[in-house]
Amino acid sequence: MKIEETKLLHTDVLIIGGGTAGCYGALTLRKHSDLSIMIAEKAHIKRSGCLAAGVNALNAYIVEGRTADDYVNYQLKDANCIVREDLAITMCEGLNRVTAELEKLGLVILKNPDGTYVARGNRNIKINGENIKPILADAVASLDNVTIINRLVITDYIVENNTILGAVGFHIDTGIAYEIRAKYVIIATGGASGLYRPNNPGFSRHKMWYSPFNTGAGYAMGIRHGAEMTTFEMRFIALRCKDTIAPTGTIAQGVGARQVNSRGEVYETKYGITTSERVYGTVKENIDGHGPCYLETTNISDEQNSDLLKAYLNMAPSQTLRWIENGTGPKAENVEIEGTEPYIVGGHTASGYWVDTNRETTIKNLYAAGDVAGGCPQKYVTGALVEGELAALAIIEKEKYLETHINSHEHLQNLALQDEYNQYLLSPGEPKPRFSVYDLEEAMQKVMDTYAGGISTMYQYTTKQLEKAEQEISRIEELVTQVKVEAVRELVFVYELKERLTVCHVLIAHLLGRKETRWHTFGEFLDYPEFSDAGLHYVNSKLVDGRIQVLERPLVKRGERYEHSYS
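The numbering used here numbers the first residue of the sequence shown as 246 and each following residue consecutively.
This is the structure:
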């Protein structure tokens, strides 16, 4: 199949990415306006995004006795102060509101005998969430004047005079190239996985913590059009159950399991219990010869053992199946843990677009929500919902006061698609190409792992290594043009590789830009092994005349509010 047909569509609001934030953005737009909505989803909205397999808890919730300020304090501590507090407080103020809406849509939230939610720690509540994504998708599908196009790969924005006008892409199954004109765009494509060599190589390479289909597409499109990005250097490395990549929080918070080394010594009190410190302690214990490391579970009750088996069936069934196949369980043996490869994800760290409090990016009328939006770590599921809501409400408010016209900039119509369409034409490449897209993806991951702080170097890097990484990533980019593409599906893989390479460039620039080690394991800069007050600023970047420029922005404190000047 080839790409031979083109279509031009119009809508008021285009949502790119039908995951958590995208779905809730659509629900909010329809609840408060009659704007036409179009959702472009690379997969299928019913099981797309990070919630595809479900979750067993909502990790961002203001439990009884706590306040929004308490949650912001937690964000600040965990991110060592590099947080946009204006974004954090606006997110926190909406967490319980969107949770109540989820329950109305049919999500099962566990309750105590008195009707209150069952808490798991100071900020979490327990749910039966294996069907959370279908619940959201069905709610969106039932809306009037909402068009969902599944299997549509958006490859670029349409931007003129720093104003978003829509986007272009191609359909995986039909081969139709689309130009979608829109007054406003919400980008909600998630973060970036697959940049680094995974800790499960070979045929298991996609057994990773973050969705392997989140390739940094939203980041890459914004970067190419000069959008300002923030805090990519705050990478995320998850602490997971070894081999299965199952969550450890379910055990650590659910049954209070402590981290212990091979000697049975509790080490979490030695290094700290922030997200990065938990991983750092595990890495350091292994370096010092005290591994393997575990979550201590052999002292739990039979009831807790049964609860853990059930909990993992909701979100990581491979862990429960492994216990059953081995004839063991968490009560029979401690659960071995390890760190993953690094990811760029704004839902756990602060990486992403530089946005204002309405979640508008530095490109006018382009809004970012969820993992693709920067500045606000630890947002998780409910925080992504809030950001989808905030972006939608901001669009509705702007529409009241601005006269925008769908058919403005008519001179660009078709021309925008034509430029990209030429890139879609399936190229035969060399008669016998030297490299496949898989070869180049593996080369990229090896470069990042070796020179930009991957698992093999215990997440450590130096200035010279980062400079070497930048050189090698540029060389790999040049080789992408030689890849042979014979089917539309192969074209998808080529674009995903291009997106990842673009994100790699920005990530390397940010790692070089923060001349300190502020988050152990998230980034071990050996040339600058400590952190100081001199690092209390945001490291931002933007592409100018083909080069990535790194800039520093002052911290935005609670009570302050950042807005774009568009100068």
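We put the beta carbon where it would ideally sit given N, CA and C, even for glycine.
Quiz item: How many whole angstroms separate the CB atoms of Gly591 and Gly619, which I take to be in contact at a CB cut-off of 8 Å?
Solution: Within the sequence shown, the letter at position 346 stands for residue 591. Within the sequence shown, the letter at position 374 stands for residue 619. The Cβ separation is near 5 Å, so the contact holds.
Quiz item: Grouping DSSP H, G and I as helix and E and B as strand, with all else coil, what is Asp257?
Solution: On the sequence shown, residue 257 is found 12 positions in, with the first residue counted as 1. Asp257 falls in the strand class under three-state DSSP.
Self-check item: Classification of Lys515 by the beta-carbon crowding that lies within 10 angstroms, buried from 16 upward
Solution: As a first step, residue 515 must be located in the sequence shown, where it is residue number 270. Of the other Cβ atoms in all chains shown, fewer than 16 fall within 10 Å of the Cβ of Lys515; this residue is therefore exposed.
Self-check item: Tyr194, DSSP secondary structure in three states
Solution: Because the chain in this structure spans residues 246 to 812, residue 194 falls outside the shown range and cannot be described.
Practice problem: Give the DSSP bridge partners of Ser786, in chain order. | Solution: What you label residue 786 is simply residue 541 of the sequence shown in a count that begins at 1. Per DSSP, Met474 and Val795.
Quiz prompt | Status (buried if at least 16 other CB within 10 Å, exposed otherwise) for Ile718 | solution = The count along the sequence shown starts at 1 and reaches residue 718 at position 473. That one is buried.
Quiz prompt | Classification of Asn652 by the beta-carbon crowding that lies within 10 angstroms, buried from 16 upward | solution = Along the sequence shown, one-based indexing puts residue 652 at 407. Model confidence at Asn652 stands at a pLDDT of 47, short of 50, so the residue's coordinates are unreliable; what they give is reported in the following sentence. In summary, Asn652 is exposed, with fewer than 16 beta-carbon neighbours lying within 10 Å of its beta-carbon over all protein chains present.
Quiz item: Buried or exposed: Gln504, going by 16 or more other Cβ atoms within 10 Å of its Cβ?
Solution: Locating residue 504 in the sequence shown gives position 259, counting from the first residue. It is buried - the Cβ of Gln504 has at least 16 other Cβ atoms within 10 Å.
Quiz item: For Ser653, which of helix, strand or coil comes out of DSSP?
Solution: Position 408 of the sequence shown, counted from the start, is the residue given in the question as residue 653. With a pLDDT of 49 at Ser653, under the threshold of 50, the modelled position of this residue cannot be trusted, and the question is left open.
Quiz item: Quick one: Cα of Leu253 to Cα of Gly780, how far?
Solution: If you number the sequence shown from 1, residue 253 lands on position 8. If you number the sequence shown from 1, residue 780 lands on position 535. C-alpha separation (whole angstroms): 47 Å.
Quiz item: How many whole angstroms separate the CB atoms of Gly463 and Ile261, which I take to be in contact at a CB cut-off of 8 Å?
Solution: The residue given as residue 463 occupies position 218 in the sequence shown. The residue given as residue 261 occupies position 16 in the sequence shown. 7 Å between Cβ atoms; contact.
Quiz item: For Lys276, is the classification buried or exposed, using 16 other Cβ atoms within 10 angstroms of its Cβ as the cut-off for buried?
Solution: For the purposes of this step, residue 276 is taken as the residue at position 31 of the sequence shown. By the 10 Å Cβ count, Lys276 comes out exposed.
Quiz item: To the nearest whole angstrom, what separates the beta carbons of Lys422 and Tyr666, a pair I think is in contact under 8 Å?
Solution: Indexing the sequence shown from 1 puts residue 422 at position 177. Indexing the sequence shown from 1 puts residue 666 at position 421. It is Ala, not Lys, that sits at residue 422 in the sequence shown. Right, the Cβ-Cβ distance comes to about 5 Å (below 8 Å), so this counts as a contact.
Exercise. Kindly indicate the opening and closing residues of the beta strand (DSSP E) around Arg411.
Key: Taking the first residue of the sequence shown as position 1, residue 411 is located at position 166. Looking at the sequence provided, one finds Gly at residue 411 rather than Arg. Segment Thr408 to His416, the beta strand (DSSP E) holding Gly411.
Practice problem: Could you round the C-beta distance between Asn373 and Asn559 to whole angstroms and report it? I think they count as a contact, below 8 Å. | Solution: As a working note, residue 373 is residue 128 in the sequence shown. As a working note, residue 559 is residue 314 in the sequence shown. Distance from Asn373 to Asn559 at the Cβ level is roughly 7 Å; contact confirmed, criterion being Cβ atoms closer than 8 Å.
Self-check item: Range covered by the alpha helix (DSSP H) that runs through Asp684
Solution: Within the sequence shown, residue 684 is the residue found at index 439, counting from 1. Its alpha helix (DSSP H) spans residues Val682 to Tyr696.
Quiz prompt | Pro358 versus Ala302: straight-line alpha-carbon distance, rounded | solution = Position 113 of the sequence shown, counted from the start, is the residue given in the question as residue 358. Position 57 of the sequence shown, counted from the start, is the residue given in the question as residue 302. Taking the CA atoms as reference points, Pro358 sits about 19 Å from Ala302.
Self-check item: Beta-bridge pairing of Lys760 - partner residues as DSSP gives them
Solution: Against the sequence shown, residue 760 aligns to sequence position 515. Residue pairing by DSSP leaves Lys760 without any beta bridge partner.
Quiz prompt | Where the alpha helix (DSSP H) through Cys268 begins and ends | solution = Here residue 268 corresponds to residue number 23 of the sequence shown, with the count starting at 1. Taken as a continuous stretch (DSSP letters only), the alpha helix (DSSP H) holding Cys268 covers Thr265 to His277.
Quiz item: Is the beta carbon of Thr408 sitting closer than 7 Å to the one on Glu744?
Solution: Position 163 of the sequence shown, counted from the start, is the residue given in the question as residue 408. Position 499 of the sequence shown, counted from the start, is the residue given in the question as residue 744. Cβ atoms of Thr408 and Glu744: not closer than 7 Å.
Practice problem: Count the other C-beta atoms from every protein chain shown that fall within 10 angstroms of the C-beta of Thr265, then say buried if there are 16 or more, exposed otherwise. | Solution: Residue mapping note: residue 265 aligns to position 20 of the sequence shown, counting from 1. Result: buried.
Quiz item: Going along the chain, which residues of its own chain have a beta-carbon closer than 8 Å to the beta-carbon of Ile753, five neighbours each way excluded?
Solution: Reading the sequence shown from its first residue, position 508 is the one you call residue 753. Short of 8 Å from the beta carbon of Ile753, and not among the five residues preceding or following it, lie these beta carbons of its own chain, in chain order: Ala697, Leu711, Ala714, Glu715 and Ile718.
Self-check item: Boundaries (first-last residue) of the alpha helix (DSSP H) holding Thr514
Solution: Numbered from 1 along the sequence shown, position 269 holds the residue referred to as residue 514. That run of the alpha helix (DSSP H) goes Glu513 to Tyr516.
Practice problem: Could you name the residues of the same chain whose beta carbon sits closer than 6 Å to that of Val600, not counting the 5 residues immediately before and after it, in chain order? | Solution: Here residue 600 is taken as the residue at index 355 of the sequence shown, counted from 1. Cβ neighbours of Val600 beyond the five flanking positions: Thr606, Ala613 and Ala618.
Quiz item: How is Thr400 classed by DSSP in three states: helix, strand or coil?
Solution: The sequence position of residue 400 within the sequence shown is 155, counting from 1. DSSP places Thr400 in strand when its eight states are reduced to three.
Quiz item: To which residues of the same chain is Glu581 closer than 6 Å at the C-beta, ignoring the five residues directly before and after it?
Solution: Position 336 of the sequence shown, counting from 1, holds the residue named residue 581. Around Glu581: Lys487, Pro537 and Tyr539.
Quiz prompt | Where Cys820 falls: helix, strand or coil (DSSP) | solution = A query on residue 820 cannot be resolved here, the shown segment of the chain reaching from 246 to 812 and no further.
Self-check item: Through-space distance from Ala637 to Leu332, alpha-carbon basis
Solution: Along the sequence shown, read from residue 1 onward, the residue named residue 332 stands at position 87. Along the sequence shown, read from residue 1 onward, the residue named residue 637 stands at position 392. Their backbone Cα atoms lie some 15 Å apart in a straight line.
Self-check item: Exposure of Val511, with buried meaning 16 or more beta-carbon neighbours within 10 Å
Solution: Indexing the sequence shown from 1 puts residue 511 at position 266. By the 10 Å Cβ count, Val511 comes out exposed.
Practice problem: Using alpha carbons as the reference points, say which of Glu405, Asn785, Pro379 and Gly414 lies closest to Ile394. | Solution: As a position in the sequence shown, residue 394 is number 149, starting the count at 1. Of the listed residues, the one whose Cα sits closest to Ile394 is Gly414.
Exercise. Taking only the alpha-carbon atoms, compute the straight-line gap between Ala639 and Thr392 and give it to the nearest angstrom.
Key: For the purposes of this step, residue 639 is taken as the residue at position 394 of the sequence shown. For the purposes of this step, residue 392 is taken as the residue at position 147 of the sequence shown. CA-to-CA, the gap between Ala639 and Thr392 works out to about 21 Å.
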